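Protein chains in written order, with the working numbering: chain A, 4 to 328; chain B, 4 to 328. Ideal Cβ placement from N, Cα and C applies to all residues, glycine included. Every value quoted in this text rests on a predicted model; they were computed, and no experiment measured them.
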């Protein structure tokens, strides 16, 4: 059995292998080689401490995994992150324990990796300008991951505060070498080939008329009931792909499409990233189409990313037999 | 962060502290200081590989925990146990990772510990004879745990095979010093003060008329829809206590009481071990009453037992700050 810590992961893990692992996980999900279990939700003892337990069997790695994710705003008072993630891996072939992986850092990579996989299939091949709305902790990973699948030359961002924007620009420069231009949300939306929304918004962030033909949008922020980043009319005309429709239709942007009566769950259920990756559904149909990836986070990403970490830290782990001692 | 292996746990952990930890966990549950999250179920990739993900916040330890339990009959072909359990602990105060605890061995102790806590409150003080129906892997832990809370002088058992019975008798002698007499189910039921049923049965194991007045019964086997060990007419006249009614009424003996129309969920919902331990409900009302503990296994037991393991293996663990690195 193994432990992988945030520090070890920061030291050795790069986004490239995580993107490949996450693509393989969505491929296995699309091929019905994986099974996502129901999400269990609960609360910690302090006010506002939310816990989500996401679990699955992942056919791409032969692992069963559980991620315990927490969101505890009070952590910030002590200078800690509000979000916490830990992933437990057991062997699908026996049921016995394999590893515990701290995923506080890894979670950002696995989320961005799903967006990169979607962009690989949905964004125009020559997409070169990237815009980010929301410059929180997730944003820098989004730039890094998208720059790994498209030749990004310019990054612009809309930040809620100057401080947040400058911190983001510094982080992006350090991690990718790219310069960030801070602009208004409208300027960002109007200018870019790929747009990422990564905010906690509960209403549309921009006007659908601002979006250029051919834009690919990665909607990362909405991962719960009531969260909302994209104008619903944009979504209704876009080519939509969801990470895991049974969950995304409840927690993601797609919830608003359904509530508005603009699509039915039956119409949307096939629009999964797994189906896109395996070629069961088509993606971008024309240069001018607007494509949207609606991301809520699926346990197979956590398992694939954690397995990838083990590959890097403990190269022999797959040859060890997981058994009861 | 820590790992605790089966081997380490076998070497240092005894039943006494586990019983105290499990009682504290049921006390916290009874005092509404804990919260059991919904159970997520799924399957592994091989036929019959069942996975259950049980999670909770446990107020007795300040931990959030998840147990991944597997049941994979094919393991037996390779000489491994069919059951597997691994528990992940995170800090309720921050959400960050604490430990991964192999619970393949510990699971037997934590199950028996709940039965011992119930017997402490329900069995007659002078109960001295113990009978076991079903001599599988769990049975020896039941004897050990009950002998820790009552002065057990005689053990009798009904086994499905002579081999299983003899193996059980050898194990009990080694762990407790007690001799086991192998008898028919009827002889066992008629003779004992405390009766444990620990079988995979799907129908009543005995006739209710065989049960002596004053007997305490610990029904361990039923932990799923359709499982069934006790005659429903016995249950309807007994003083019934369940480990966690919202779950036990679906998976335990109580399911059959409800299906038979002999009790309603509303009548049963207060009959929890937590309520018994905290004095909110009464237990044994007379020397001749028949009492039943209906056990299905609750995540708070897993967390309490795993925390107890950390206390023994890593005495300083509570002073370490769980935080993101």
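Alpha-carbon to alpha-carbon, residue j and residue i
i                     : j                     : result
residue 161 (chain B) : residue 199 (chain B) : 10 Å
residue 329 (chain A) : residue 102 (chain A) : Past the edges of chain A, shown from 4 to 328, lies residue 329 (chain A), and the structure says nothing about it.
residue 191 (chain A) : residue 83 (chain B)  : 58 Å
residue 60 (chain A)  : residue 55 (chain B)  : 12 Å
residue 186 (chain B) : residue 114 (chain A) : 60 Å
residue 95 (chain A)  : residue 92 (chain B)  : 21 Å
residue 152 (chain A) : residue 26 (chain A)  : 12 Å
residue 291 (chain A) : residue 212 (chain A) : 14 Å
residue 81 (chain A)  : residue 75 (chain A)  : 11 Å
residue 241 (chain A) : residue 294 (chain A) : 5 Å
residue 273 (chain A) : residue 235 (chain A) : 19 Å
residue 237 (chain A) : residue 288 (chain A) : 16 Å
residue 136 (chain B) : residue 71 (chain B)  : 27 Å
residue 35 (chain B)  : residue 52 (chain A)  : 17 Å
residue 16 (chain B)  : residue 109 (chain B) : 9 Å
residue 5 (chain A)   : residue 282 (chain B) : 43 Å
residue 50 (chain A)  : residue 243 (chain B) : 35 Å
residue 177 (chain A) : residue 171 (chain A) : 10 Å
residue 86 (chain A)  : residue 73 (chain A)  : 6 Å
residue 233 (chain B) : residue 48 (chain B)  : 34 Å
Nearest residue (CA-CA) to residue i, options the options
i                     : options                       : result
residue 214 (chain B) : B:228, B:206, B:197 and B:203 : B:197
residue 154 (chain A) : A:141, A:142, A:127 and A:187 : A:127
residue 121 (chain B) : B:258, B:19, B:319 and B:221  : B:221
residue 297 (chain A) : A:41, A:256, A:34 and A:33    : A:256
residue 62 (chain B)  : A:235, A:70, A:46 and A:224   : A:46
residue 31 (chain A)  : A:286, A:299, A:277 and A:323 : A:277
residue 24 (chain B)  : B:66, B:42 and B:4            : B:66
residue 107 (chain A) : A:166, A:43 and A:9           : A:9
residue 321 (chain A) : A:44, A:64 and A:86           : A:64
residue 207 (chain B) : B:259, B:248, B:243 and B:244 : B:259
residue 3 (chain A)   : A:170, A:7, A:217 and A:264   : Given that chain A is displayed from residue 4 to residue 328, the structure contains no residue 3 (chain A) and the question cannot be resolved.
residue 130 (chain B) : B:73, B:217, B:225 and B:209  : B:217
residue 105 (chain A) : A:170, A:169 and A:313        : A:313
residue 164 (chain A) : A:138, A:179 and A:189        : A:138
residue 210 (chain B) : B:219, B:189 and B:225        : B:189
N-terminal and C-terminal residue of the beta strand (DSSP E) that residue i is part of
i                     : result
residue 167 (chain B) : No beta strand (DSSP E) contains residue 167 (chain B), which is instead part of the alpha helix (DSSP H) from 165-179.
residue 105 (chain A) : 100-105
residue 52 (chain B)  : Note, residue 52 (chain B): premise wrong, no beta strand (DSSP E); not H, not E.
residue 265 (chain A) : That residue, residue 265 (chain A), is in no beta strand (DSSP E); it is neither H nor E in DSSP.
residue 228 (chain B) : No beta strand (DSSP E) holds residue 228 (chain B); DSSP gives it neither H nor E.
residue 313 (chain A) : Note, residue 313 (chain A): premise wrong, no beta strand (DSSP E); alpha helix (DSSP H) at 302-316.
residue 208 (chain A) : Premise fails: residue 208 (chain A) is in no beta strand (DSSP E) and is neither H nor E.
residue 295 (chain A) : 294-297
residue 134 (chain B) : 132-136
Close beta carbons around residue i, own chain, < 8 Å, minus the five adjacent residues each side
i                     : result
residue 261 (chain A) : 252, 267, 268 and 271
residue 205 (chain B) : 229, 230 and 231
residue 141 (chain A) : 111, 114, 115, 201 and 223
residue 280 (chain B) : 26, 29, 30, 33, 120 and 124
residue 118 (chain B) : 145, 148, 149, 199, 221, 223, 296 and 298
Range of the contiguous alpha helix (DSSP H) that encloses residue i
i                     : result
residue 261 (chain A) : 257-262
residue 26 (chain B)  : 18-33
residue 124 (chain A) : 109-125
residue 13 (chain A)  : 9-15
residue 277 (chain B) : 276-280
residue 240 (chain A) : 235-240
residue 146 (chain B) : 142-150
residue 253 (chain A) : 248-254
residue 188 (chain B) : 188-194
Cutoff 6 Å; reference residue i; Cβ partners in own chain excluding five residues on either side
i                     : result
residue 134 (chain A) : 159, 191, 195 and 198
residue 328 (chain A) : Because the pLDDT at residue 328 (chain A) is just 46, under 50, the model does not fix this residue reliably, and the point stays unresolved.
residue 303 (chain B) : 28, 32, 37, 59 and 61
residue 21 (chain A)  : 112, 116, 308 and 311
residue 227 (chain B) : 254
residue 156 (chain A) : 131
residue 13 (chain B)  : 108
Proximal residues to residue i (C-beta, below 7 Å), its chain only, five neighbours per side dropped
i                     : result
residue 329 (chain A) : Within the shown structure, residues of chain A are numbered from 4 to 328, placing residue 329 (chain A) beyond reach of any answer.
residue 123 (chain A) : 152
residue 175 (chain A) : 143, 146, 158, 181 and 183
residue 68 (chain B)  : 58, 59, 61, 90, 91, 92, 302, 305, 306 and 309
residue 19 (chain A)  : 151
residue 39 (chain A)  : 59, 247, 301, 302 and 303
residue 43 (chain B)  : 56
residue 318 (chain A) : none
Q.
Count Cβ pairs between the stretch 144-151 of chain A and the stretch 89-105 of chain A that sit closer than 8 Å; are there 3 or more?
A. no
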